[in-house]
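Everything in the sequence shown is counted per our numbering, starting at 116 for the first residue and increasing by one. Idealized CB from N, CA, C, for every residue including glycine. Reading through the C-alpha cells given below for one structure.
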Amino acid sequence: MKLDGVVSELKALRVSKGLTLDEVAKAAGWANASIPARIEARDSNPTLRSLQRYAEAVGARDFRLSLRSSSPTVLTFFNHAGGVGKTSAVRDIGYTLMQMGFRVLLIDADPQASLTRWLGAFNDIKLDDTLYSAVLGEEDDLRLPQPHHVYGMDLIPSQMGLAKVDLQLPGVMMGLTRLKEALVQSQGYDFILIDPPPSLGSLAALASIAATHLVVPVPTNNKGVEGIPTVMDAVKQFRRATPKLQLALFLVSQYDARTTVDQDSLVYLSERLKALAPVSTPLRLRPGAYKRAALQGQPIPVYEPSGKAAEEIQTVTTELLTALGVNVHVEK
C-alpha cells in the first residue's frame with residue numbers, strides 16, 4: 116500500500132473498532148481530537164511519525180514501512196554550490212529515517228567534514244576511518260571502514276586528508292565507480308545517505324555515481340535558480356557512468372517567505388522542476404535553529420524536537436519516501 120492509501124486503511128480500522136476521535140487522541144497522547152481529524156481529512160499530508168502514533172492508538176498490530184528492494188537505497192545529496200543546506204539535510208533526514216525504523220548509514224564525503232562535526236563525531240578521526248581506503252585501496256578489497264555510531268545511525272566520518280582523493284583518483288582505472296563497488300559490500304542498511312563536497316570534482320562525482328538516487332537541495336534565491344543548468348549538466352554526465360541514476364527529489368531549502376525574491380523563486384522552481392522530479396515543500400530559512408544545532412553536534416529533531424524546523428524535516432522526509440515508492444503495510 117502506498118503512503119497516500121494508509122490513512123483510509125487506518126481510519127477503517129478505527130471505525131471497525133468503534134473508537135472515537137477523542138479516544139484515539141487520548142491513546143496517542145494528543146491534546147484533542149482535532150489532530151486525528153486532520154490526519155483523516157482528504158488530501159491530508161501527515162508525517163509518518165503522526166501515522167505511527169495514530170496506528171498504535173487504533174491498535175494496528177503491525178504497522179511497518181518497507182522498501183521495494185532488498186538492497187540499500189543510496190541517496191547522494193548533490194549540488195555543486197555551497198551553502199544550500201545540503202549537509203544539514205543529510206543529517207536531519209537521515210535521523211528522521213532512523214526514527215521511522217529504517218537502518219541508516221551516513222557517509223561524509225566532504226573533506227571539510229561538516230557532517231562529521233555537526234553530529235559531534237569529530238574527535239581523533241583518522242584517514243583510515245574515512246572512505247579513503249574504500250576507493251583507493253586494493254581493487255579486490257574495496258570495502259568501507261568500520262562505522263562510528265551516532266544518534267542511532269552509522270557514520271563514515273571525514274577529515275581534511277580525504278581531499279587527496281580529488282588528486283589521486285583521476286589516475287585510478289575506473290576510479291569513479293569504486294565507491295559504488297564498495298557499497299555493494301555494505302549490507303544491513305535500508306538507506307545510505309552521502310554528503311559530497313559542493314563541487315564538480317572527483318569526490319562529488321564519485322559520490323553521485325555511487326547513488327541509486329540524487330536529492331538536489333535548491334535554495335530559493337538567485338544562486339539556487341541560476342545553478343540549476345549546471346546541476347542538470349552534471350547529472351547528465353553522471354548518468355553516462357550509471358544510466359539508472361534517478362532524480363528522487365528537488366529539496367527546496369532556505370525559503371524566506373518574507374521576501375518577494377524567495378516567493379517568486381519558489382513559484383519559478385516549482386513550475387520549472389516538477390517535470391524532472393518531485394519538488395518538496397520548502398524548508399524555511401531558520402539560521403538560528405540550524406546554527407545552534409550544528410554547534411551542539413545534534414540533528415534538528417534532537418536539538419528542537421517540537422520546533423517548526425523538525426516538523427518541516429518530517430514533512431520533506433515523508434515526501435522523499437513517497438517519491439521513492441516506499442510502501443506501508445498495515446495489519447488489522
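Bridge partner(s) assigned by DSSP for S368
Here residue 368 is taken as the residue at index 253 of the sequence shown, counted from 1. For S368, which the question treats as bridged, DSSP gives the partners P334.
Quick one: what's F306 bridged to in DSSP?
Taking the sequence shown and counting its residues from 1, the one referred to as residue 306 is at position 191. Looking at the DSSP assignment, F306 forms a beta bridge with T188 and V219.
Do you know how far the Cα of I154 is from the Cα of D137?
Mapped onto the sequence shown, residue 137 falls at position 22. Mapped onto the sequence shown, residue 154 falls at position 39. Take the alpha-carbon of D137 and the one of I154: they are about 13 Å apart.
According to the Cβ coordinates, are F193 and A319 closer than 8 Å?
By 1-based counting over the sequence shown, the position of residue 193 is 78. By 1-based counting over the sequence shown, the position of residue 319 is 204. A contact, by the Cβ cut-off of 8 Å.
Secondary structure of V340, DSSP reduced to three states
Locating residue 340 in the sequence shown gives position 225, where the first residue counts as 1. For V340, the three-state secondary structure derived from DSSP is helix.
Whose C-alpha, out of A372, I208 and P420, is nearest the C-alpha of I309?
Locating residue 309 in the sequence shown gives position 194, where the first residue counts as 1. Among A372, I208 and P420, the Cα nearest to that of I309 belongs to I208.
With a cut-off of 8 Å on the beta carbons, I'd call F306 and F217 a contact; round off their distance for me.
Counting from 1 along the sequence shown, the entry for residue 306 is found at position 191. Counting from 1 along the sequence shown, the entry for residue 217 is found at position 102. The pair is a contact, with the Cβ atoms about 6 Å apart (cut-off 8 Å).
Y418 versus Y266: straight-line alpha-carbon distance, rounded
Start at 1 with the first residue of the sequence shown, and residue 418 comes out as number 303. Start at 1 with the first residue of the sequence shown, and residue 266 comes out as number 151. About 12 Å.
With 16 other CB atoms within 10 Å as the buried threshold, where does P402 fall?
Within the sequence shown, residue 402 is the residue found at index 287, counting from 1. P402 is exposed by the Cβ-count criterion.
For the alpha helix (DSSP H) that V382 lies in, which residues bound it at each end?
The sequence position of residue 382 within the sequence shown is 267, counting from 1. Its alpha helix (DSSP H) spans residues T375 to L388.
Could you tell me the boundaries of the beta strand (DSSP E) in which M268 lies?
Position 153 of the sequence shown holds residue 268. In the DSSP annotation of this structure, the continuous segment of the beta strand (DSSP E) that includes M268 starts and ends at M268 to I271.
Please name the residue, chosen from A409, S123, D225 and L439, that lies closest to A392 on a Cα-to-Cα basis.
Taking the sequence shown and counting its residues from 1, one reaches residue 392 at position 277. Per the Cα distances, L439.
Excluding the five sequence neighbours on either side, which residues of its own chain have a C-beta within less than 8 Å of the C-beta of H195, listed in chain order?
As a working note, residue 195 is residue 80 in the sequence shown. P313, S314, L315, A319, G342, T345, V346 and A349.
Burial state of A204 (16 or more Cβ within 10 Å):
Translated into positions along the sequence shown, residue 204 becomes position 89. Buried, since its Cβ has 16 or more Cβ neighbours within 10 Å.
H328 versus A425, S317 and K295, residue with shortest Cα-Cα distance:
Here the question's residue 328 lines up with position 213 in the sequence shown. Nearest to H328 by alpha-carbon distance, out of A425, S317 and K295, is K295.
Please report the residue range of the beta strand (DSSP E) in which V265 lies.
Sequence index remark: in the sequence shown, residue 265 carries index 150 (1-based). Element bounds for V265: H263 to V265.
Should the region 423–441 be regarded as contacting the region 245–265, the criterion being three or more beta carbon pairs within less than 8 Å?
Touching, no, given that fewer than three Cβ pairs across the two stretches are closer than 8 Å.
Look at the alpha carbon of A148 and the alpha carbon of K141, and state the distance between them as a whole number of angstroms.
To locate residue 148, count along the sequence shown from 1; it is residue 33. To locate residue 141, count along the sequence shown from 1; it is residue 26. Per the coordinates, the alpha-carbon of A148 lies some 8 Å from the alpha-carbon of K141.
Distance between A363 and T357 (C-alpha atoms, nearest Å)
Here residue 357 refers to the residue found at position 242 of the sequence shown. Here residue 363 refers to the residue found at position 248 of the sequence shown. Answer to the nearest angstrom: the Cα atoms are 15 Å apart.
With distances taken Cα to Cα, identify the nearest neighbour of Q302 among V250, L381, V431 and V219.
In the sequence shown, counting from the first residue as 1, residue 302 sits at position 187. Among V250, L381, V431 and V219, the Cα nearest to that of Q302 belongs to V219.
Within 10 Å of its beta-carbon, does M215 have 16 or more other beta-carbons around it, so buried, or fewer, so exposed?
By one-based count along the sequence shown, residue 215 stands at place 100. For M215, the number of other beta carbons within 10 angstroms of its own is at least 16, and it is reported as buried.
Measure from the alpha carbon of P332 to the alpha carbon of each residue in A156, R157, Q274 and L190, then state which is nearest.
Counting from one through the sequence shown, the residue named residue 332 turns up at place 217. Among A156, R157, Q274 and L190, the Cα nearest to that of P332 is on L190.
Cβ-based neighbour list, A326, same chain, cut-off 7 Å, excluding 5 preceding and 5 following
Position 211 of the sequence shown holds residue 326. Excluding sequence neighbours, A326 sits near V189, L190, T191, I309 and L360.
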